[in-house]
Amino acid sequence: MSVEHRRHTRYTVEIAAEVTVGHETVAASTQNVSEGGAALTLDVRLDEGATFGVTLLLTQDGIEDPDHEPFESRATVAWVRPAGAQFLAGIAFVDPSPAQKARLRAFLAAAG
Numbered sequence: 180m181s182v183e184h185r186r187h188t189r190y191t192v193e194i195a196a197e198v199t200v201g202h203e204t205v206a207a208s209t210q211n212v213s214e215g216g217a218a219l220t221l222d223v224r225l226d227e228g229a230t231f232g233v234t235l236l237l238t239q240d241g242i243e244d245p246d247h248e249p250f251e252s253r254a255t256v257a258w259v260r261p262a263g264a265q266f267l268a269g270i271a272f273v274d275p276s277p278a279q280k281a282r283l284r285a286f287l288a289a290a291g
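Residue numbers (my numbering): 180 to 291.
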């Protein structure tokens with residue numbers, strides 16, 4: 180039996196996200212989110228190890244809150260697997276700014 184050790188607690192929360200690879204932006208949604216990364220469902224396959232921009236549209240009760248800016252960071256694909264007609268990708272955030280970390284931490288505290 181394997182034991183999974185994580186640096187950050189994962190929160191099961193589904194929110195809209197956007198992935199920007201080059202000049203193309205693709206819609207996605209989260210399966211779960213932590214301070215260190217997320218699992219995304221999307222229509223395109225991302226390459227493991229690829230780095231891209233990600234935006235999480237933080238919501239309040241499922242509605243985008245215009246008073247709160249989205250979380251934005253660079254991210255790297257840790258793993259990818261098929262999920263029906265879509266793909267599930269595990270991503271790790273790459274050096275988000277202190278302000279972005281605080282924004283995500285506050286959102287997760289409210290979601291948890």
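The beta-carbon is built from N, C-alpha and C at its ideal position, and this holds for glycine as well.
How big is the Cα-Cα spacing for residue i and residue j?
| i | j | result |
| --- | --- | --- |
| residue 274 | residue 257 | 15 Å |
| residue 262 | residue 281 | 31 Å |
| residue 200 | residue 210 | 20 Å |
The beta strand (DSSP E) with residue i in it runs from where to where?
| i | result |
| --- | --- |
| residue 264 | That residue, residue 264, is in no beta strand (DSSP E); it is neither H nor E in DSSP. |
| residue 217 | 216-221 |
Sort out for me which residues DSSP pairs residue i with in a bridge.
| i | result |
| --- | --- |
| residue 205 | 198 |
| residue 233 | 198, 252 |
| residue 271 | 216, 255 |
How is the alpha helix (DSSP H) around residue i delimited, first residue to last?
| i | result |
| --- | --- |
| residue 225 | Note, residue 225: premise wrong, no alpha helix (DSSP H); not H, not E. |
| residue 282 | 277-290 |
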